[in-house]
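Engineer: Numbering-wise, the working numbering comes out as the position in the sequence shown, counting from 1, plus 679.
This is the structure, below, for whatever I ask next.
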Amino acid sequence: MRAALYDSYGPPEVLYEGRVPVPVRKPGEVLVRVHAASVNGGELHGRAGRVRFVTGRRFPQRTGLDFAGEVAEVDPDATGLRVGDRVWGILGRTFGSAAEYVSVRPRQIAYAPGNVTLTEAASLPAGGTTSLTALRDKAGLRAGERLLVRGASGGVGSVAVQLGKALGAHVTGLAGAKNADFVRELGADEVLDHRATALADLDRYDVIMDTVGTEHPVLRRRLAPGGRLVSIAFDIDHPVRSIGYLLGSAVHGRQ
Ligand SMILES: NC(=O)c1ccc[n+]([C@@H]2O[C@H](COP(=O)([O-])OP(=O)(O)OC[C@H]3O[C@@H](n4cnc5c(N)ncnc54)[C@H](OP(=O)(O)O)[C@@H]3O)[C@@H](O)[C@H]2O)c1
């Protein structure tokens, strides 16, 4: 089958369309014919070679975590799924959804919503579940609270802005000036240019969702009493410091 591969770390140009074997479906797995896959922010760092302690030195490497497509092969007694069902999902342990087929455990997929195309659906699994987990489950965002989304124009942040509005929050997005209109269209009440705004000068927020991974101590000081900071990224240039912070707790409150 065809798959996106790269033989060395570097810019997007290192990617090429190569040939790899169609994955062999293990017992209990579902073979999905991929219609669309998306690119998440973290993968850009991976392909650029900025997290080699995770990605290693073996090539060719594959790319893509999210996918949407149709069931191609399945054991119907085990899953209830049928060949041809529209599904979306996230690969578990490896990259490689930018390919014609993936073979996954049933819990990695769900029926794709009928009101979006499979291409639109592929943009949502990782960014959507990350935002939902961060805002609803970790931060417990409530109606009427003030939410700051740092990285509001990105794959995760653009969902967080919409989810924040759906949960009834007042949403401020921190994004690049060129994307301000896009973030406003998503529903943000206020958009600030991250290149022209010092974090230390920001208002105080009940919930701050950070998708950039830097300056956590400064962000914590922008929390209102009882506020919660959720960060889903680490500082790529200071991974040890950042991972230590994240391992401490993904959610930091301020009393
Ligand atoms: N995508 C996922 O499902 C997922 C899941 C878990 C964790 N993560 C992690 O979350 C991080 C972001 O992922 P993503 O997929 O959302 O990336 P992305 O689509 O590349 O978006 C990143 C966004 O951050 C903005 N940005 C960059 N520097 C900023 C700053 N100093 N202040 C405010 N905004 C800034 C950029 O805005 P402008 O372009 O407007 O300047 C860009 O739109 C990555 O580290 C990734 O590993 C992602």
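Quick reminder that beta carbons are idealized off the backbone N, C-alpha and C, glycines included.
Bear in mind the structure is a predicted one, so any value in this text is a computation, not a measurement.
1) Might you give, ordered along the chain, the residues of its own chain that have their beta carbon closer than 6 angstroms to the beta carbon of residue 859, omitting 5 neighbours on each side?
2) Once DSSP output is grouped into helix, strand and coil, what is the label at residue 894?
3) Please confirm whether any heavy atom of ligand 1 lies closer than 6 angstroms to the CB of residue 829.
4) Would you be able to state if there are at least three C-beta pairs under 8 angstroms between the region 692-708 and the region 792-809?
5) Kindly examine ligand 1 and report whether one of its heavy atoms sits closer than 6 angstroms to the Cβ of residue 887.
6) To the nearest angstrom, how far is the alpha carbon of residue 722 from that of residue 826?
7) Are the beta-carbon atoms belonging to residue 698 and residue 751 less than 7 angstroms from one another?
8) Should residue 793 be labelled buried (16 or more other beta-carbon atoms within 10 Å of its own) or exposed?
9) How many angstroms separate the CA atom of residue 681 from the CA atom of residue 775?
10) Using three-state DSSP, classify residue 706 as helix, strand or coil.
11) Taking the alpha helix (DSSP H) that residue 723 falls in, what are its first and last residues?
12) Determine which residues share a DSSP beta bridge with residue 715 and list them.
13) Quick one: is residue 877 buried, meaning 16 or more other Cβ sit within 10 Å of its Cβ, or exposed?
14) One question on the structure: do residue 905 and residue 720 come within less than 7 angstroms of each other, judged by their Cβ atoms?
15) Run the proximity test for residue 909: is its beta-carbon closer than 6 angstroms to any non-hydrogen atom belonging to ligand 1?
16) Spatial neighbours of residue 889 within its chain, please: CB distance less than 8 angstroms, with the 5 preceding and 5 following residues excluded, ordered by chain position.
17) According to the neighbour-count rule (16 or more other Cβ atoms, all chains shown, within 10 Å of its Cβ), is residue 884 buried or exposed?
18) Let's test the definition: count the other Cβ atoms within 10 Å of the Cβ of residue 687 and tell me whether it reaches 16, buried, or not, exposed.
19) Would you say the region 767-781 touches the region 728-745, given that touching needs at least three Cβ pairs under 8 angstroms?
Structural biologist: Let me lay it out:
1) 870
2) coil
3) Correct: residue 829 has its Cβ closer than 6 angstroms to ligand 1.
4) no
5) no
6) Between residue 722 and residue 826, the C-alpha separation is close to 27 angstroms.
7) no
8) Residue 793 should be labelled exposed.
9) 11 angstroms
10) coil
11) 720-727
12) 747
13) With fewer than 16 other Cβ atoms within 10 Å, it is exposed.
14) For residue 905 and residue 720, no; Cβs fall outside 7 angstroms.
15) no
16) 829, 830, 895, 898, 908, 909, 910, 911, 912
17) Answer is buried; the Cβ neighbour count reaches 16.
18) By the C-beta density criterion, residue 687 is exposed, having fewer than 16 other C-beta atoms within 10 angstroms.
19) yes
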